[in-house]
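Just below is one structure, and these are the notes that go with it.
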Amino acid sequence: MTHVVGVVTLLVSIVSWVVVLVPNARAGPNACAMSYMYPTFTEIPSEDVRLASETHRLYRYLDARDAETRADDRTCVVHSLYVPGSGGSHAQARSVGSGTRLGAGCSVEHYALDFGREHGVYNGRLLSRQGASVRAALAWLRARGSSTRTRGTALVGHSAGGLAAMDAIGAIEGALDVDAVVALASPLGWNPVSLTVEAYARERSARTRWRAVGAESRVVVASVVGGARDRQVSSMAMGNANAWVNEGLGISASAPEIANVGVAIDHQCATWCKQLVSAVAQGFERAFPDPRPEDDGDSEVTSKMTPREIAIGFRDAFGEIIESSDGSAFGVPSRFYETVQERTPSVFAGVVAHLVVGAMTTQVVPIIVFAVVAHFASPPVLRERPAESFAASIAVCVACGSIARFARSFGERRALFACQLIAYTPSLIAWAHHAWTTFARGVGFRDVVAPFGPADAACVAVAVAFITRSSTKTRPTATAINIIAGCTAAYASAPGNGGLAHVACAVFAFGGIIDARRAKLD
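With mature numbering (1 follows the signal peptide of the UniProt record, and there is no 0) as the guide, the letters of the sequence shown map in order to residues -27 to -1, 1 to 495.
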């Protein structure tokens, strides 16, 4: 019976993804208006900025119509640093740059990083290095700001660029250089493709460091996801910013549900959709207004808005929450499709759990235990909906049971190793792309990062040692090692924890190696 339910759940998930992927099935035609500008970019000399990689670049953006404007002549200045996402470039900063050109607030100096189109969202080491370049750019802006009337600094991150921005802020010790982060289609709630141990550890470290430097009470985070047209970061849960900051400093919104945007936005369109760009530009104007009357025009020190005032500025710029039917299709509510998208990466950990605890396929108690562990391991925004969280976890468990039942015919060892290889594939492809483009630019081996860290290397080594053992045992026994591995895999099935599935594989494999040695000694 459980197997039948699992097959049905798989079919429903597949059909849901078909609906998600079919153009205009859930959100209708693209309603974004185009942004127009006259962009010019000037590269900042690398010896001045000292970014973390020779392939990274920092640019200054100017509208060609304002090319002669001098920052020192302005009443007040706000620095904006654009951080591109995976495969993105500095050129994407032009829309937000043009949007703030005629604003009534402080003049905004726009800068943009370029990571050589790295796919850092899939590889923890690349994303960490991008964060280091963000820190270097901020340090350069801080030094430059000493000669200008700087009223604030904001990071604008698209997609994985938002994650790199958050990582960078958490590493700034002493004085925080950032007043606000504007995240466009960024998975701030959790990275859905964090499928390595190192990526998982990096994200947890970033959150810990964020709290250690007091950023949760000093930095405003405004996160806007695209809605049903975005097939990568569609849900407000995935883009939720509230877990990063204190109450009142986080803004989490879906583009079609805020009055001053009101349209669903493709993942890439988030960088140029005029409705969204205009709202962000209004946010800059309201959050960083002209100097207050009490400011002395001859003084180098200007009063700054408080974090709560900045948050109110962006919140007002986005507008009121409005009713939207965005995302529903065939009578099925939008949240159902979003949940399918959120939970799909959990398949790897779910299959691992079944492979290491074979009885889970047919027994109710292990399925309930799986759901309980997965629920309490989920991000806070998902735990706030316990019924949905438990139902989704159970659905993942029974669906993965059907997959595991097929995979087990090839043997637990091969199936587990295949799960690991599949989970590592996105990270390895991102690393291969990085290595290829690095050599193609003539930088050389010195700038190529390792494909993965020591923890992932250890997990792979244990798995290889296990699969090459001569024992022919293919069915796991109900030992303590199996239970520990199964619970670890259940924990890994929660959104954002996928990298821990490799730890579950390593625990199970290590136990198998020990058992084999004991049997040999006996």
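A virtual CB, placed ideally from N, CA and C, is assigned to each residue, including glycine.
The structure displayed is predicted, hence computed values, not measured ones.
Check your understanding: Mapping DSSP to helix, strand and coil, what is S272?
Key -> Low per-residue confidence applies at S272: pLDDT is 47, beneath 50, and the placement is therefore not dependable enough to give any value.
Practice prompt. Note down, in chain order, each residue of its chain lying with its Cβ closer than 6 Å to the Cβ of R23, except the 5 sequence neighbours on either side.
Written response: A109
**Request:** Could you give the DSSP three-state label for H475: helix, strand or coil?
**Result:** helix
A380 versus V337 - alpha carbon distance: 21 Å
Check: How many whole angstroms separate the CB atoms of V170 and A428, which I take to be in contact at a CB cut-off of 8 Å?
Finding: 4 Å
For this session: State the Cα-Cα distance for the pair G78 and S53, rounded to the nearest angstrom.
Result: 14 Å
Self-check item: P266 - DSSP class collapsed to helix/strand/coil
Solution: Residue confidence is low: P266 scores 48 on pLDDT, short of 50, so the model does not pin down where it sits. Its coordinate-derived value is still stated next. Three-state result, P266: coil.
Beta-carbon separation of A214 and G200 under 8 Å?
no
Figure out for me which residue from R117, F481, A179, V218 has the closest Cα to the Cα of A153.
-> V218
Straight-line CA distance for E20 to S301? 52 Å
**Prompt:** Which one or two residues does DSSP pair with residue 503 in a beta bridge?
**Reply:** Outside the modelled stretch of the chain, which goes from -27 to 495, sits residue 503, for which no answer is possible.
_Sequence-distant residues of its chain with Cβ nearer than 7 Å to D203 (five each side left out)_ = A158, I238, D239, H240
### Query
Tell me which same chain residues have a C-beta within less than 6 Å of the C-beta of V234, skipping the five on either side of it?
A228, Q248, L249, A252
Option in R386, A388, T452, S366 with minimal Cα separation from Y464:
S366
| Y9 burial status per 10 Å Cβ neighbour count (16 or more: buried) | exposed
Check: Leaving out five residues before and five after A195 in sequence, what residues of the same chain have Cβ atoms less than 6 Å from its Cβ?
Finding: V155, I224, F287
query = Between which two residues does the alpha helix (DSSP H) harbouring T461 extend?
reply = 453 to 465
Whose C-alpha, out of A174, S26, S80, V(-23), is nearest the C-alpha of F261? S80
*asked:* Please report the distance separating the alpha-carbon of T411 from that of G61.
replied: 16 Å
Notebook entry, point to check: Between the C-alpha atoms of V206 and I487, what's the straight-line distance to the nearest angstrom?
Noted result: 42 Å
Query raised in the report: On the three-state DSSP scale, how would you describe T317?
Result: helix
In this structure, how does DSSP classify L249 when only helix, strand and coil are distinguished? helix
- Segment contact, 8 Å Cβ cut-off, at least three pairs: the stretch 86 to 97 with the stretch 27 to 38: yes
Could you have a look at A216 and say whether DSSP puts it in helix, strand or coil?
coil
Measuring only the C-alpha atoms, how far is R67 from L128?
14 Å
Practice prompt. Please confirm whether V186 and A138 have their CB atoms less than 8 Å apart.
Written response: no
Item to check | Candidates L114, L136, V151, of which the one nearest L99 by Cα | outcome: L136
- Message: Here's a check: name, in chain order, each residue in its chain whose Cβ is nearer than 6 Å to the Cβ of V(-9), leaving out the five neighbours to either side.
- Response: A(-3), A302
- Among G417, R259, I457, S319, which residue has its Cα nearest to the Cα of G484? I457
field: Alpha-carbon to alpha-carbon, G143 and S178
entry: 9 Å
Problem - As assigned by DSSP and simplified to three states, the class of P165 - result: coil
| said: If you measure between the beta carbons of S101 and D140, is that distance less than 8 Å? | reply: yes
Subject >> Rounded Cβ spacing between A462 and A474 (contact assumed at less than 8 Å) >> reply: 6 Å
_Distance, L328 Cα to R115 Cα_ = 53 Å
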